[in-house]
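Each residue of the sequence shown is one higher than the one before, counting from 1 in full-length UniProt numbering. Backbone N, C-alpha and C define an ideal beta-carbon position, used for all residues, glycine too. Bear in mind that the values here come from a model prediction, so they are computed numbers and not experimental data. What follows is a single structure, written as structure tokens, with notes after it.
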Amino acid sequence: MCLGSHLKKIREEKKMSQQEVADLIGISQKTLSNMESGKTIPNIFQLVKIKEIYNVDLLEILEKERIYLTNPPPRQISLNQNIEEIKFETTILNVTLDKMKEGRNQIKLV
């Protein structure tokens, strides 16, 4: 299951419409639909908003999808997206994921 499928499943479990969630994130319903179908990848700011809206730990979802996020299949990248932007956002996601892991490990040590 890809990141988009996970996000869709969580949204449906929360019984929220795409339009509701899109409005809260500050994006169009079409953009959210593209994220959930795997056509686009949410950026770090959108992921933070999604985390807040759904009140979930995205670290677990992102950990499962780390390889996918670093090497997304070409068919899943929208032609309208800038490849350099995707690489930059993927780097940010990976760094953020590593920092979140470090924080989680430090909390466990206390």
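For residue i, three-class secondary structure by DSSP
i	result
THR91	helix
LYS39	coil
ILE27	coil
Range covered by the alpha helix (DSSP H) that runs through residue i
i	result
SER5	3 to 13
VAL48	44 to 54
7 Å Cβ shell around residue i - same chain, five flanking residues per side excluded
i	result
ILE44	GLU89, ILE92, LEU93 and THR96
SER28	ALA22
VAL56	ILE10
LYS14	TYR54
8 Å contact criterion, which residue i and residue j should meet: CB distance rounded
i	j	result
GLN18	LEU32	5 Å
Cβ-heavy atom distance, residue i to the ligand ZN, below 8 Å
i	result
GLN46	Only the bare structure without any ligand can be found here, which leaves the ligand ZN out of the picture.
Own chain, CB closer than 6 Å to residue i, minus 5 neighbours either side, in chain order
i	result
ASN34	THR40
LYS49	ILE25
Sequence-distant residues of the same chain with beta carbon closer than 8 Å to residue i, five excluded per side
i	result
SER5	GLU36 and GLY38
LEU59	LEU97, MET100, LYS101 and ARG104
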